[in-house]
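Numbers 1 to 192, taken from the UniProt record's numbering, label the letters of the sequence shown in order.
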Amino acid sequence: MWSGGGGPHNGGVVGLHSDGAVGHHCGGAGGPPQAHIGLMVLINYVGLRVPIVLRLVVLIRFFVNFPSAKQYFSQFQDMDDPEEMERSVQLRHHARRVMSAINTVVENLHDPEKVSSVLALVGKAHAVKHKVEPMYFKILCGVMQEVFSEDFPEFFTAEVQMVWTKLMGAVYWHVTGAYTEVGWVQLSSSAV
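Printed below as a string of structure tokens:
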């Protein structure tokens with residue numbers, strides 16, 4: 001049973017099964033719908049082919065617009081200048097890791113157990129080791145959508161944006177589930 005989107009035939013491709021697993025619907029003759037293809041092309045393009053400097057745009061915008069998120073990164077928490085952030089080896093490394101995780105999720109949409117496992121690891125590490133408030137995942141997803149819409153309009157069509165939104169909702173659901181599983185206690189309820 002599908003939830004969070006009204007069913008697999010609601011115009012979206014990615015949804016949550018009732019057990020929380022991510023799934024996708026292959027329509028027509030058994031091949032993936034155009035939105036799924038567009039999403040995979042976008043993610044592969046952004047994740048594998050775009051120079052790290054362009055991938056940094058997402059994280060730099062995230063940290064400039066939501067500076068409270070920098071508190072979790074000792075290496076660049078005091079950086080305010082976007083050009084200085086762009087030169088940060090640690091920020092580049094984290095940008096690569098973020099896109100790698102998103103790539104892994106997209107490439108494994110056919111394998112809900114793999115997706116759940118990857119996102120559980122991400123969620124638990126951020127909850128236990130880094131103590132990052134989960135709201136930052138939702139904020140980062142929005143920043144990614146904003147940057148992709150601006151920089152890759154040929155790939156990030158309205159249909160792909162709809163799929164992306166559903167996928168990021170599923171990512172957030174899994175990540176916050178991992179937080180709950182480890183007994184996360186919210187540090188702050190304040191908005192950023």
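Don't be surprised by glycine CBs; every beta carbon is placed ideally from N, CA and C.
Three-state class that DSSP yields for residue i in the structure shown
i: Met79; result: coil
i: Ser149; result: helix
i: Gly118; result: The amino acid at residue 118 is misidentified as Gly; the sequence shows Val. It is helical.
i: Phe66; result: coil
i: Lys131; result: coil
i: Asn108; result: coil
i: Phe137; result: helix
i: Tyr179; result: helix
i: Val58; result: helix
i: Val185; result: coil
i: Ser100; result: helix
i: residue 195; result: The structure shown does not extend to residue 195, since the chain is modelled only from 1 to 192, so the question has no answer here.
Short Cβ contact (8 Å threshold) for residue i with residue j
i: Ala69; j: Tyr136; result: yes
i: Val64; j: Gly123; result: no
i: Val57; j: Val147; result: yes
Contacting residues, own chain, Cβ-Cβ under 8 Å from residue i (five flanking each side not counted)
i: Val118; result: Ala101, Thr104, Val105 and Asn108
i: Phe62; result: Ala69, Ile139, Leu140 and Val143
i: Trp184; result: Ala127 and Pro134
i: Gln71; result: Gln77
Beta-carbon separation (whole angstroms), residue i vs residue j, contact threshold 8 Å
i: Met99; j: Arg55; result: 6 Å
Beta-carbon proximity list for residue i, same chain, < 6 Å, skipping 5 on both sides
i: Ala120; result: Ala178
i: Asp151; result: none
i: Ser88; result: Phe76
i: Gly28; result: The predicted position of Gly28 is uncertain, since its pLDDT is 35 and thus under 50; no value can be drawn from it.
Same chain, Cβ closer than 7 Å to residue i, neighbours up to 5 away in sequence not counted
i: Ser74; result: none
i: Glu181; result: none
i: Tyr172; result: Phe137, Lys138 and Cys141
i: Ser78; result: A small fix is needed here, since residue 78 is Asp in this sequence, not Ser. Once the five neighbours on either side are set aside, Asp78 has no close Cβ partner at all.
i: Pro82; result: Ile60 and Val64
_the segment 120 to 134 / the segment 80 to 93 touching (three or more Cβ pairs under 8 Å)_ = no
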